[in-house]
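The opening residue of the sequence shown carries number 4 in this note's numbering; numbering runs sequentially from there. For glycine and all other residues, C-beta sits at the position ideal for the given N, C-alpha and C. The block underneath contains the structure these notes are about, expressed in structure tokens.
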Amino acid sequence: MTFPDGYRLIPLPQSRHADLLDLDSWSFPTPHSVEDLLKLPSPLSWDRTVAVVSEEPDAQAVPIDGAVPVTETVVAIHSSYPFSQFPVPGAQIPVGGLTWVGVHPQHRRKGILSAMIDAHFQHCIDRGEAVSALFAAEAGIYSRFGYGQAANDLRVTIPRRAPLRPVEGSGDLTLRLEKYDAARHSDLVAAVHAEAGRHPSPASGVNRPGWATRETAELRATYDDDPAMFRDGRESRRIAIVESDGEPRGYATFRRKVDWQVRGPRGTVAAGEVVALDAAAAHRLWSTLLDLDLSDELEPFLLPTDDAIMSLLIDPRSAQPRIADNVWVRIIDIAAALSARQYATDIDVVLQVSDERLPANAGTWHLRGTGFSAATATPTTRSPDLSLSIAELSRVYLGGFSLASLAAAGLVTEHTEGALAAASAAFGWPVAPACSWVF
4 MTFPDGYRLI PLPQSRHADL LDLDSWSFPT PHSVEDLLKL PSPLSWDRTV
54 AVVSEEPDAQ AVPIDGAVPV TETVVAIHSS YPFSQFPVPG AQIPVGGLTW
104 VGVHPQHRRK GILSAMIDAH FQHCIDRGEA VSALFAAEAG IYSRFGYGQA
154 ANDLRVTIPR RAPLRPVEGS GDLTLRLEKY DAARHSDLVA AVHAEAGRHP
204 SPASGVNRPG WATRETAELR ATYDDDPAMF RDGRESRRIA IVESDGEPRG
254 YATFRRKVDW QVRGPRGTVA AGEVVALDAA AAHRLWSTLL DLDLSDELEP
304 FLLPTDDAIM SLLIDPRSAQ PRIADNVWVR IIDIAAALSA RQYATDIDVV
354 LQVSDERLPA NAGTWHLRGT GFSAATATPT TRSPDLSLSI AELSRVYLGG
404 FSLASLAAAG LVTEHTEGAL AAASAAFGWP VAPACSWVF
């Protein structure tokens, strides 16, 4: 990695939290002061947080022994979350969750972001993280660094009392509605959320790729915090919990906001996470959220595209679904990443991959594996069956997009007849990838 003249990368300790927040406010405008933001828990792992600083002569300082003192200014930042159990199809692997990426507007267009991304890739390699993942603030930025949009999510507005199909056992579950309290609910939420990522449906028996958990104490503390400044006029966080014989089977966090109009109350229920371990729990949670008084619509956030609600709705036209991009993925180490995940069918394909930023990935790879079992990816001199860029390979890595659809857009080239269809089926996955929170 090479930083422009006058800039260097440094570890950013927690003692410089204010510098980080100040720079972040330049990258992502906020009405909140640094002083107020400092009062909130930070989600960052400080041993994975770095800054780019510029060193400029201080024109107002008095020279010391003929040398003009320099001023060190933070002009860019990035950090990453240590996802040690990030779900990929059929497995959990270490992943570097890139986050808090920002460059001061005065220092843009100088190559600082490119150098920071290269530094992040090297850190992933050093830590044995074969994949990097992120949520993209701007979708156009990260594809040029080899990231591919690997998952979508569903954001839907549902009218109150929208009728649902019946599910056996839903009425037998116990329901609790409570104000969210970290001491009472944090462990429950963490346990149910993690279990939902491992096995979202007993019928499928497969995991949900991309379902990152809040693994660190810092991420848990940030989630549990409920600052009024971020509620947008809504109430404090509530939680609905469904249990079977005292065992939690699902939860939903939500906030309400009432709009009093001449025709009566027109409130909105904003759901944070709706997480269920079986069909009965999903039905009971959605039935509850859709029948809260003084509301006329429900707005869930970041649902998997195959969430149960769209199958439960008797009249799906009454809802207003919108699809948005969710997790983006960047393969750092092809051999490790492709060998770590499972495939939905047997696979035997030769991939020619281009990767300008990480030359070790560039070349021809022989991927072999048995459906829902182990696979291997090794360099080969064989002629390729398919050719594609690292961004497109990253895009299909979680099973949410197909090689065939990318080929239709001219992004994947088939050299051997039949290879595209076979590889598309193998890279697919029965459960749609998604993450339920923005990191």
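Between P268 and G114, the beta carbon gap of about 54 Å keeps them out of contact (Cβ cut-off 8 Å). Linking S314 to P324 through their CA atoms gives a straight-line distance of about 13 Å.
DSSP, read as helix, strand or coil, puts Q345 in coil.
It is roughly 18 Å from the alpha-carbon of R163 to the alpha-carbon of E276.
Cβ neighbours of S290 within its own chain (closer than 8 Å, five residues either side excluded): L167, S173.
Counting along the chain, the unbroken beta strand (DSSP E) around F257 starts and ends at 250-260. A direct Cα-to-Cα measurement between H35 and I335 gives close to 36 Å.
When the five nearest sequence neighbours on each side are left out, the beta carbons in the same chain lying within less than 6 Å of the beta carbon of P46 are those of E221, L222, T225, in order along the chain.
When only Cα atoms are considered, S135 and S342 end up about 16 Å apart.
Looking at the DSSP output, N155 bridges to D328.
DSSP places W103 within a strand segment (E or B) once states are collapsed to three.
Excluding sequence positions up to five before and after D227, its CB lies within less than 7 Å of the CB of A185, S189, all in the same chain and listed in chain order. A straight-line Cα-Cα distance of about 8 Å links F148 and R333. With a threshold of 16 other beta carbon atoms within 10 Å, E395 meets it and is buried. Using a 10 angstroms sphere on the CB of R217, the tally of other CB atoms reaches 16 or more, which defines it as buried.
Between Y183 and R240, the C-beta spacing is below 7 Å.
In terms of CA proximity to A428, Y346 leads the group Y346, W263, A282. Rounded to whole angstroms, the gap between the alpha carbons of L391 and P230 is 45 Å. The Cβ-Cβ distance between V78 and S57 falls below 7 Å. One thing to note: Q152 has its Cβ within 7 Å of the Cβ of D328. Beta-bridge analysis with DSSP links T379 to R371. With a beta-carbon spacing of about 6 Å, A410 and L423 fall inside the 8 Å limit used to define contacts. Listed in chain order, the beta strand (DSSP E) runs fully inside the stretch 92-152 are 94-106, 134-137, counting runs of at least 3 residues.
For L409, the enclosing alpha helix (DSSP H) starts and ends at 406-411. G213 counts as buried, since no fewer than 16 other beta carbons sit within 10 angstroms of its beta carbon. If you keep only unbroken alpha helix (DSSP H) runs of at least 4 residues inside the stretch 36-63, you get 37-40. Here H418 is exposed. Its C-beta has fewer than 16 other C-beta atoms within 10 Å. Burial state of R252 is buried, judged by a 10 Å Cβ sphere holding 16 or more other Cβ atoms. E59 sits exposed, since fewer than 16 C-beta atoms from the chains shown fall within 10 Å of its C-beta. DSSP lists I242 as the beta-bridge partner residues of E181. A buried status is given to T52, since no fewer than 16 other beta-carbon atoms sit within 10 Å of its beta-carbon.
Annotation for I13: the continuous beta strand (DSSP E) segment containing it runs 10-14. Distance from the Cα of A118 is smallest, within the candidate group A425, M4, V37, for M4. In the three-state scheme derived from DSSP, where H, G and I count as helix and E and B as strand, P90 is classed as strand.
Boundaries of the alpha helix (DSSP H) around E395: 393-398. Around the Cβ of L316, a 10 Å sphere holds 16 or more other Cβ atoms; the residue is buried.
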